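Everything on this sheet refers to the single structure shown next.
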Amino acid sequence: MVMNTVLSAMAMDYPPEKLHVYLSDDGCAAVTLNGMREAWRFAKWWLPFCRRYGIKCTTPEAYFSAGGEGDGYEDGDSGGNRVAKTKKKKKKKKNSCKERQISNYIYKIILEPYLEFWQVIQETSSEGDDAIQINEAKNMPLLVYVSREKRPSHPHHFKAGALNVLLRVSGVISNSPYILGLDCDMYCNDASSARQAMCFHLDPKISPSLAFVQFPHKFHNISTNDIYDSQLRSLFTVCYDGLGGPCVCGTGYYIKRVSLCGSSISEDGDAMKLRQYFGPSNQFIKSLRQIKKPDHMFIQRNNAQPNESQLLASCAYEDGTKWGEEASTIKPLESMQVGFLYGSVVEDYFTGFHLHCKGWISVFLNPKRPQFLGSGATNLDELLVQGTRWSSGLADVAISKFSPLIYGPFKTHTFLQSMCYAEIALFPIFYFLTLWCFAIIPQVCLLNGIPLYPEVSNTYFIVFSFVFLSSLSKHLYEVLETGSTFQHWVNEQRIWMMKSVTSHLYGSVDAFMKKLGMREASFLPTNKVDDVEQLKLYNMGVFDFQTSLQFLAPMVALVILNMASFAVGIARGIFVGELDKMFIQIFIAFYVIVINYPIIEGMLIRKDKGSIPLSVTLISALFSLSVYVFGSIIFK
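Throughout the sequence shown, residue numbering follows our numbering, covering 370 to 1005 in sequence.
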């Protein structure tokens, strides 16, 4: 997966002398470095092939799996035959690279137990390379492996820390003015994405204030049903047109280096102050002063300095500097930003927010052909773990001094843009509070015979019904309008409920605990490797409930509570004649049950590996009973 992403980036339709690919490996794994070397060897064959035949999808795995449809030579059968022949040769070369990587793995583990912090990947010609191939291989992008130093005694700041290390190391090696950020599981699906982004970055009308161009997240492994709502439709279908542009969304963005560091740096700037902000590397300070020059390639490839790069990637480099801090705290260079910002695990959102607060704008570019394709969540555990991390990071920002509600209105382009950022930051807190109330209070009152809403015969019944149904109808309209189906609407409603009672709850609580100093920040990455059995269930449209008790218990408990309240409500309506009085509460319980039918199926019907264990059901039933007892005491 990682090497496919690397190869797809190297094969982009862009001048190779201006293209530099850096891979950050926090694990400092020998197998990753060895994989980079094998990817380089294969790239000597793959890149010329992509250029010669105009291949759009430059990811080897995706290209060979799909048969190269729509990407090959289209000028007649003879051209097609040439592509087929060459393709067969490349596939054979790819397989030989895989075999060599496996055989070399033990060798690398034994001989390279400690890797360098960085290494430029370059190889001489190997046996079997013809003269044309060797000549074309010379015209290849720079490929650099970077592994930062991490020690328990020094904060590493998660993904933002890794990005800042790449920012520094690349500054003294290539110092390119534009940076593409890509996650390891998101590959280039169109080789022309850089050129499309440059159309905006080089537009004289908007370029001076344009910080980044953001492409939407789209995924190659999402099924038609998409039971886990992994396509993120609501986030990437409509963005902030007219409001200064979208925020940075983690991956698939082209950002200006000058927007991250150096917007206020001049040739005659105080070197001592710059070292206080950016660290002791004179070479990196020199690179910052070169950023604004028209042709500012700082260091030639062969002149990169290993000692300087190792210093920039060391764990102690940022000590006493302003790396990752909010720009307004830096004086007298108030408009300067020092890299990706720390303070939240959602460094993308946080950094994008501050860029907009400082006057930068952004562009959302959504061409017909997806420019990048990633791996979406295909099991419940991955979905909820990822959701908890995002919720925690967003809640961190919401309750900090940089909350968009109090910090943004005076900084961003418009008040509406600030409100958009505030909605994103606050939704985990609002969602878990409203959903828990929605799934508990009417049901507990129904079990105790306490009416909360107007009777059906009451005039105000229409008002309450209209509010509820109009909310659902608005969401359904948005889903259908963006090209999705009614089933997708059901899936979005279901996942919203599941995330609200689990991910948003735990993420918000985690943020408050960190704010009170009760725990430290943590970052649990999602698993990038698909389990065969889980993938099979996903493609069948069946939920896989193989996740932790802390995620299952709240969901199952609330479903049990709603099932009990619905049964009691129907009984009251039939035998006591309270249907008119309790209709809305009965309907709410029914709605929760219908939307969450897969949970009921996992509890009572299914017996496979992905079903809900009986022990979890019993624990959840006890939790549901305790909620009922506690609620009854309060409401009575």
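Idealized CB from N, CA, C, for every residue including glycine.
Please read these numbers as outputs of a predicted model, since none were measured by experiment.
Terminal residues of the alpha helix (DSSP H) in which residue i lies
| i | result |
| --- | --- |
| TYR432 | 429-434 |
| VAL732 | VAL732 -> not in any alpha helix (DSSP H); beta strand (DSSP E) instead, spanning 730-733. |
| ALA936 | 918-940 |
| SER842 | 829-850 |
| HIS723 | 716-726 |
| LEU710 | Premise fails: LEU710 is in no alpha helix (DSSP H) and is neither H nor E. |
| LEU416 | 399-422 |
| PRO967 | 966-969 |
| THR374 | 371-379 |
| GLU694 | From DSSP, GLU694 is part of no alpha helix (DSSP H); its letter is neither H nor E. |
| ARG888 | That residue, ARG888, is in no alpha helix (DSSP H); it is neither H nor E in DSSP. |
| GLY540 | 527-542 |
| ASP750 | 749-767 |
| SER993 | 983-1004 |
| ILE793 | 784-816 |
| LYS868 | 855-870 |
| MET909 | That residue, MET909, is in no alpha helix (DSSP H); it is neither H nor E in DSSP. |
| ILE654 | 651-659 |
| TYR646 | 640-647 |
Rounded Cβ spacing between residue i and residue j (contact assumed at less than 8 Å)
| i | j | result |
| --- | --- | --- |
| MET972 | VAL925 | 7 Å |
| THR747 | LEU904 | 6 Å |
| PRO823 | PHE833 | 6 Å |
| ARG537 | LEU681 | 4 Å |
| ILE624 | ALA560 | Contact flag wrong, Cβ pair sits at about 20 Å. |
| ASN533 | SER656 | Not quite, the Cβ-Cβ distance comes to about 14 Å (not below 8 Å), so this is no contact. |
| ALA958 | GLN812 | 6 Å |
| LYS390 | PRO510 | It is Val, not Lys, that sits at residue 390 in the sequence shown. Contact holds; Cβ gap of about 6 Å. |
| PRO546 | ILE424 | Not a contact, Cβ separation roughly 27 Å. |
| LEU930 | ILE809 | 7 Å |
| CYS616 | PHE722 | 6 Å |
| MET405 | LEU551 | Actually they do not touch by this definition, with Cβ atoms about 15 Å apart. |
Continuous beta strand (DSSP E) stretch holding residue i: start and end
| i | result |
| --- | --- |
| VAL515 | 511-515 |
| GLY743 | 741-743 |
| VAL582 | 579-583 |
| ILE624 | 622-625 |
| SER393 | 389-393 |
Contact under 7 Å by Cβ, residue i with residue j
| i | j | result |
| --- | --- | --- |
| SER393 | LEU535 | yes |
| ALA399 | MET372 | no |
| GLY613 | ILE730 | yes |
| PRO417 | LEU376 | no |
| ALA529 | PHE709 | yes |
| VAL870 | PRO923 | yes |
| HIS873 | SER1001 | no |
| LYS727 | VAL707 | no |
| ASP717 | CYS618 | yes |
| VAL714 | PHE527 | yes |
| LEU629 | TYR514 | no |
| THR720 | CYS557 | no |
| MET381 | ALA640 | no |
| PHE588 | GLY745 | yes |
| LEU845 | TRP865 | no |
| GLY540 | PHE647 | no |
| MET370 | ASP595 | no |
| PHE912 | PRO967 | yes |
| ILE964 | GLN856 | no |
| VAL732 | PHE569 | yes |
| ILE591 | SER603 | no |
| ALA431 | MET379 | no |
| ILE542 | ARG626 | no |
| ASP688 | ALA531 | no |
| ASN676 | PRO585 | no |
| LEU816 | VAL998 | no |
Near the ligand NAP: residue i beta-carbon under 6 Å from a heavy atom
| i | result |
| --- | --- |
| MET641 | Ligands are entirely absent from the displayed structure, and the ligand NAP is therefore not among its contents. |
Residue-level contact to chain C via CB, residue i, 7 Å cutoff
| i | result |
| --- | --- |
| LYS883 | This model lacks chain C altogether; it includes just one protein chain. |
| Three or more beta-carbon pairs under 8 Å between the segment 793-802 and the segment 977-987, yes or no? | no
| contact_flag[the segment 784-791, the segment 842-850] where n(CB pairs < 8 Å) is 3 or more | no
| Segments assigned alpha helix (DSSP H), at least 4 residues, entirely inside the segment 547-579 | 562-570
| message | For the segment 764-778 against the segment 926-938, do three or more pairs of beta-carbon atoms, one drawn from each stretch, fall closer than 8 Å, so that the two count as touching? | response | no
| the segment 902-917 / the segment 733-741 touching (three or more Cβ pairs under 8 Å) | No: the two stretches stay apart, fewer than three of their Cβ pairs being nearer than 8 Å.
| query | Does the segment 747-756 touch the segment 912-920, meaning 3 or more C-beta pairs lie closer than 8 Å? | reply | yes
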